[in-house]
Amino acid sequence: MAAQPIVPFRTYVLVFVALLVLVALTTGAAFIDLGPFNTVVALGIAFIKMMLVLLFFMHLLHSNKLTHVTAVAAAFWLLLLIGLVFADYTSRGWIPDPAPWSSSAPPTHP
Amino acid sequence: MSTATTVAPEPRAATPLNYLNVEYGWRSWLFTKDHKRIALLYLISITFYFFIGGAFAVLMRIHLIDPQGALVQPETYNKLFTMHGIIMIFFFLIPSIPSVLGNFLVPLMIGARDLAFPRLNLLSWYIYMLGGAFTMYSVIHGGVDTGWTFYTPYSSTYANSQVIPAALGIFITGFSSILTGLNFIVTIHKMRAPGMTWFRMPLFLWSMYATSIIFVLGTPVLAIALFLLFLERVFQVGIFTPALGGDPLLFQHLFWFYSHPAVYIMILPAMGVISEIVPCFSRKRIFGYKVIGFSSVAIAVLSFLVWGHHMFVTGQSIYTGLVFSALSFMVAIPSAIKVFNWTATLYKGSISYDAPMLYALGFIGLFTMGGLTGLFLASLSTDVQLNGTYFIVAHFHYIMVGGAVMGYLGGMHYWWPKISGRLYPEIWARLAAAIIFVGFNLTFFPQFMLGYLGMPRRYAFYPAEFQFLNVMSSAGASILGVGYLIPLIYFAWSMRYGPIAGPNPWGATGLEWQTPSPPPKDNFEQPPAVADEAYDYAHQEVGLV
Amino acid sequence: MSEAHSGRIHIAHQFESSDQQHEAGTLGIWIFLATEVMFFGGLFTGYALDRWLYYPAFAAASRILDIRLGAINTAVLLTSSFTMALSVRAAQTAKRGALALLLILTMLLGAVFLGIKGFEYYQKFVEHVVPSLDFAPQGEVLARLAPGGLGHAQLFFCFYFFMTGLHALHMIVGLGLLFVLLLRALGSEFNAGYYAPVEVTGLYWHFVDIIWIFLFPLLYLIGGRF
Chain D
306 MAAQPIVPFR TYVLVFVALL VLVALTTGAA FIDLGPFNTV VALGIAFIKM
356 MLVLLFFMHL LHSNKLTHVT AVAAAFWLLL LIGLVFADYT SRGWIPDPAP
406 WSSSAPPTHP
Chain Y
37 MSTATTVAPE PRAATPLNYL NVEYGWRSWL FTKDHKRIAL LYLISITFYF
87 FIGGAFAVLM RIHLIDPQGA LVQPETYNKL FTMHGIIMIF FFLIPSIPSV
137 LGNFLVPLMI GARDLAFPRL NLLSWYIYML GGAFTMYSVI HGGVDTGWTF
187 YTPYSSTYAN SQVIPAALGI FITGFSSILT GLNFIVTIHK MRAPGMTWFR
237 MPLFLWSMYA TSIIFVLGTP VLAIALFLLF LERVFQVGIF TPALGGDPLL
287 FQHLFWFYSH PAVYIMILPA MGVISEIVPC FSRKRIFGYK VIGFSSVAIA
337 VLSFLVWGHH MFVTGQSIYT GLVFSALSFM VAIPSAIKVF NWTATLYKGS
387 ISYDAPMLYA LGFIGLFTMG GLTGLFLASL STDVQLNGTY FIVAHFHYIM
437 VGGAVMGYLG GMHYWWPKIS GRLYPEIWAR LAAAIIFVGF NLTFFPQFML
487 GYLGMPRRYA FYPAEFQFLN VMSSAGASIL GVGYLIPLIY FAWSMRYGPI
537 AGPNPWGATG LEWQTPSPPP KDNFEQPPAV ADEAYDYAHQ EVGLV
Chain B
24 MSEAHSGRIH IAHQFESSDQ QHEAGTLGIW IFLATEVMFF GGLFTGYALD
74 RWLYYPAFAA ASRILDIRLG AINTAVLLTS SFTMALSVRA AQTAKRGALA
124 LLLILTMLLG AVFLGIKGFE YYQKFVEHVV PSLDFAPQGE VLARLAPGGL
174 GHAQLFFCFY FFMTGLHALH MIVGLGLLFV LLLRALGSEF NAGYYAPVEV
224 TGLYWHFVDI IWIFLFPLLY LIGGRF
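Residue numbers (the numbering used here), protein chains in the order written: chain D, 306 to 415; chain Y, 37 to 581; chain B, 24 to 249.
See the structure below:
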């Protein structure tokens, strides 16, 4: 049988309860000033929720390797896009803009 | 009368049922789920767009005979190069080999009855036609003048032309690529015949697989970029408009995230075709099978890491520029590996110069030139000099026309006997290949020189000193145009009058040659099983007549 | 009739076995979801970039959104994912009545989500923070948005409408798919050996849920509420 094993009802309920607790947690955390960690906590909890849905509701836990590769590839390519775009914007200005070029002024490089 | 009725059915009765004669009528074509018929639907559509796009190129080359412009207003010239780019890239080159040859051959080569999702396959053709209709609407209603790259904020705010239908057309067509890529990946993973292991697959399939990765992971980003462009132009919300707080470079990042890998969508399938043709006409096993296969996948992955080399002079950070430059050099490695391996396959082979082989040899030379000039452009400092000149135009035409179109035509000649069951006139085919090779070089080599001398691209006028090279280029373009018309004529002729090809006119290996030409509706009379490596020409020679 | 649908498995002509067909379908939907990741990924990239560039404006604008409605909607959507997961289980275990009931429940929850989302959109019109069409916040809203710059606040609402709108569009498509599924379930098409359509639609539905799992913190929680 190619189909996945049938996940016990109990597992689904536990995952669902965990998800609801996490919603409450992440909403509550927004009311506490954690400085830059507000974003980290919010995205960290979102990541955990995503993993719960992926692993149990979407049966990734019981899937074959090919499905894992597909899921990881999607995440990897998304990080490529975000990472390389940010690499550009964050490293701008590391070298100060050169003075406007003019034909009369001699080059100022040492 | 009586002889006509008694004689006419006879050849038909003698012809076994195949995918072409199993059903008749327009319904059997427009509602077909047979991958071979869908491939032919694509063939007709992309040929149409090829000649439309070609017509724009002809008008441009006529215009550029005179330094002051011989034919059209500058505004019209802007539309000519834009429509040429859009149609050739999105409606001819990207679907060319995957949707025609890939659609036809992927199931045949792995020994399957069809692709995994035949209905999605047909849907992809309809989506393609819908996208094409939007783009043709924009052509008829005045065209677009933004360049095929749709750079913001010009396209989003200032351009006074049909940006929206053209962008929507490309947006829609993207989904047809995604469906094709999805179909190929699933088919190659799940539908291989018994014994067809990954390392027994023809290399064409490796290249199709690599191309599909780009289709699936790259195209949606272009879609979202064009979607945002569309919203920006309609609502002027400011995502790409500096005056409203946005950033135009974000568009370029999203655009090139797809559009650089798109270059490999065009060239990888052609590389796959060459990997089939070269061993067949050298009567040798291909040199370094695994390396070629893996280099296809390596190109697909690396292609996503280099897009910033299109943005060296746009204000992108210099540090990122350095990284993108280094990564761009890395893509050259798997490409060069392929060229070395094809050349090593030729070494001591018993080479015959049939038409497909002429295209393949042309491909190897022209692709090498296009690839090496790409290294000039991947270097930061040379790129500052050459960016926006005809050097760029010449470089990517060596890849796109010298590479991808040569590969496509080579593949069409190689598999035409399989597709149609008929042979084309070999002497005409060799003549056309020679004409195309000469015409191509005469058109685009002068453009390298023009770019090196500093002539910028996308201008309707140029200084008089560049006229000689421009006239040379235009003369070459007319030769090239003739060269492209000849195959159109003899392919059409051969469908009716060509000699019967038989299942394997080239004595080639591969499952697609073990079934009749044209193949039956379900591809194989008996389910095939594979016990040999690909390209086993050494052992197969005895069986050749 | 009863023996007909006890073991009725559709195998399309291109497949050799029901296993092959099932695996192809599952792989197909996962690859499609990878495509969707990149589709939303472009928007997420743009949002992340502009949030980084114009943080004060984005934080101020995100506080305009109604966090209670956002949290309730998140819970609603997660519940619909739960019922969807149970529907797949009901199909696997061939409980036809439960399957139909759970599918109806999933659709209802999806509709509630869209209703709340629609009400939130309505609120944005009341507050005059709809980019381009009606962007003229007044009174308290204006006072909260002005320090970060109205232009960049407008950019936040652009992303808010694009991202939630695209997500809502996926929800609507999902509701259509669920409806077709319900009709097929009522026609007793599924059984323990053939339930791939339920599974595939479920995967799509969970994916749309995951998108929202990220949209909620990115749009509603980002600036903090303290």
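Heads up, the beta-carbon is just placed ideally off N, CA and C, and yes, glycines get one too.
Computed from a predicted model, the values in this text were never measured in an experiment.
Which class does residue 26(B) belong to by DSSP, given the choice of helix, strand or coil?
Below a pLDDT of 50, predicted positions are generally treated as unreliable, and residue 26(B), at 35, falls in that range; the measurement from the model is reported next regardless. Helix at residue 26(B).
Using 8 Å as the Cβ pair cut-off and three pairs as the minimum, do the segment 372-380 of chain D and the segment 320-335 of chain Y touch?
Contact fails: fewer than three Cβ-Cβ distances are below 8 Å.
Looking at the C-beta of residue 26(B), does it have a partner C-beta in chain D at a distance below 9 Å?
Residue confidence for residue 26(B) is low, a pLDDT of 35 falling below 50, so the modelled location carries little weight; the figure read from the coordinates is stated next. No, residue 26(B) lies away from the interface with chain D (no Cβ there is under 9 Å from its Cβ).
Contacts that residue 354(D) makes with chain B (C-beta to C-beta distance below 7 Å)
For the C-beta of residue 354(D), the chain B residues within less than 7 Å are, from N- to C-terminus, 236.
Would you mind listing the alpha helix (DSSP H) stretches within the segment 111-162 of chain Y that are 4+ residues and don't spill past its ends, in chain order?
Restricting attention to alpha helix (DSSP H) runs no shorter than 4 residues, the segment 111-162 of chain Y encloses them at 139-146, ordered along the chain.
Tell me which residues share the same chain as residue 82(B) and place their Cβ nearer than 8 Å to its Cβ, disregarding the 5 neighbours each side in the sequence.
Non-local beta-carbon contacts of residue 82(B) in its own chain, meaning distances under 8 Å to residues more than five positions away in sequence, involve 171, 245, 246 and 247 in chain order.
Between residue 226(Y) and residue 152(Y), which are expected to be in contact by the criterion C-beta below 8 Å, what is the C-beta distance as a whole number of angstroms?
The C-beta distance from residue 226(Y) to residue 152(Y) rounds to 6 Å, short enough to meet the 8 Å contact threshold.
Taking only the alpha-carbon atoms, compute the straight-line gap between residue 233(B) and residue 189(B) and give it to the nearest angstrom.
Using only the alpha carbons, I get a separation of about 14 Å.
Can you list, in chain order, the residues of its chain with a C-beta nearer than 6 Å to that of residue 127(Y)? Leave out the 5 residues immediately preceding and following it.
Taken in chain order, the residues that qualify are 85 and 168.
Residues that residue 352(Y) contacts on chain D, provided the C-beta gap is smaller than 7 Å:
Residues of chain D passing the Cβ test: 393.
Looking at the secondary structure, which residues open and close the alpha helix (DSSP H) in which residue 59(B) lies?
Its alpha helix (DSSP H) spans residues 41-76.
In angstroms with no decimal places, state the Cα-to-Cα distance between residue 162(Y) and residue 216(Y).
When rounded, the separation of the alpha-carbon atoms in residue 162(Y) and residue 216(Y) is 12 Å.
Identify the contact partners of residue 46(B) in chain Y, using a Cβ-Cβ distance below 7 Å as the criterion.
In chain order: 226.
Given this structure, state the Cα-to-Cα distance separating residue 108(B) from residue 243(B), to the nearest angstrom.
Cα to Cα, residue 108(B) sits roughly 27 Å from residue 243(B).
According to DSSP, which residues form a beta bridge with residue 536(Y)?
Answer by DSSP bridge pairing, in chain order: 458(Y).
Let me see if you follow: with CB-CB separation under 9 Å, is residue 274(Y) close to chain B or not?
So yes, residue 274(Y) belongs to the interface.
Test: residue 296(Y) CB closer than 9 Å to a CB of chain D
For residue 296(Y), the answer is no, since every Cβ of chain D falls outside 9 Å of its Cβ.
Between residue 154(B) and chain Y, is any beta-carbon pair separated by less than 9 Å?
Yes, contact with chain Y.
Tell me which residues share the same chain as residue 515(Y) and place their Cβ nearer than 7 Å to its Cβ, disregarding the 5 neighbours each side in the sequence.
Exclusion of the five residues before and after residue 515(Y) leaves 471, 474, 475 and 478 as the residues of its chain whose Cβ lies within less than 7 Å of its Cβ.
Can you name the residues of chain B whose CB is closer than 9 Å to the CB of residue 399(D)?
Neighbours of residue 399(D) across chain B, judged by C-beta separation under 9 Å, do not exist; the nearest C-beta is about 16 Å away.
Proximity below 9 Å, CB of residue 266(Y) to CB of residue 313(Y)
Going by C-beta atoms, residue 266(Y) is not nearer than 9 Å to residue 313(Y).
Whole-angstrom Cβ separation of residue 84(B) and residue 168(B), contact assumed at under 8 Å?
The pair is a contact, with the Cβ atoms about 6 Å apart (cut-off 8 Å).
Residue from 483(Y), 376(Y), 218(Y) and 412(Y) with nearest C-alpha to residue 361(Y):
Minimum Cα distance to residue 361(Y) is reached at 412(Y).
Taking 9 Å as the threshold (beta carbon to beta carbon), is residue 280(Y) in contact with chain B?
Judged by the 9 Å Cβ criterion, residue 280(Y) is in contact with chain B.
Taking all protein chains shown into account, decide if residue 548(Y) is buried (16 or more other Cβ within 10 angstroms of its Cβ) or exposed.
The residue is buried, with at least 16 neighbouring Cβ atoms inside 10 Å.
Ignoring anything shorter than 4 residues, give me the alpha helix (DSSP H) runs that lie fully in the segment 167-244 of chain B, in order along the chain.
Entirely contained in the segment 167-244 of chain B, the alpha helix (DSSP H) runs reaching 4 residues are, in chain order, 173-209 and 219-238.
If you draw a straight line from the alpha carbon of residue 208(Y) to that of residue 58(B), how long is it in whole angstroms?
Going by the C-alpha atoms only, they are around 15 Å apart.
For residue 98(B) and residue 131(B), what's the separation of their Cα atoms in angstroms?
Their backbone Cα atoms lie some 14 Å apart in a straight line.
Tell me, please, whether the segment 68-82 of chain B touches the segment 380-400 of chain D by the rule of three or more beta-carbon pairs shorter than 8 Å.
Yes: the two stretches touch, three or more of their Cβ pairs being nearer than 8 Å.
With DSSP as the reference, label residue 338(D) as helix, strand or coil.
Residue 338(D): coil per DSSP, three-state reduction.
Out of 338(Y), 377(Y), 390(Y) and 437(Y), which one is the CA nearest neighbour of residue 405(Y)?
Ranking the options by Cα distance to residue 405(Y), first place goes to 437(Y).
Using the DSSP secondary-structure output, state which residues sit across from residue 222(Y) in a beta bridge.
In DSSP, residue 222(Y) forms no bridge with anything.
Residue 336(Y) and residue 228(Y) closer than 9 Å at C-beta
Result no, Cβ atoms of residue 336(Y) and residue 228(Y) do not sit closer than 9 Å.
CB contact below 9 Å: residue 306(D) versus chain Y
Since pLDDT at residue 306(D) reaches only 39, below the 50 mark, its modelled position is unreliable, and the value read off the structure follows with that caveat. Not a single C-beta of chain Y is nearer than 9 Å to the C-beta of residue 306(D).
Could you tell me which residues DSSP pairs with residue 158(B) in its beta bridges?
According to the DSSP secondary-structure assignment, residue 158(B) is paired through a beta bridge with 152(B).
Would you say residue 287(Y) lies against chain D (beta-carbon separation less than 9 Å)?
Chain D places no beta carbon closer than 9 Å to that of residue 287(Y), leaving this residue out of the contacts.
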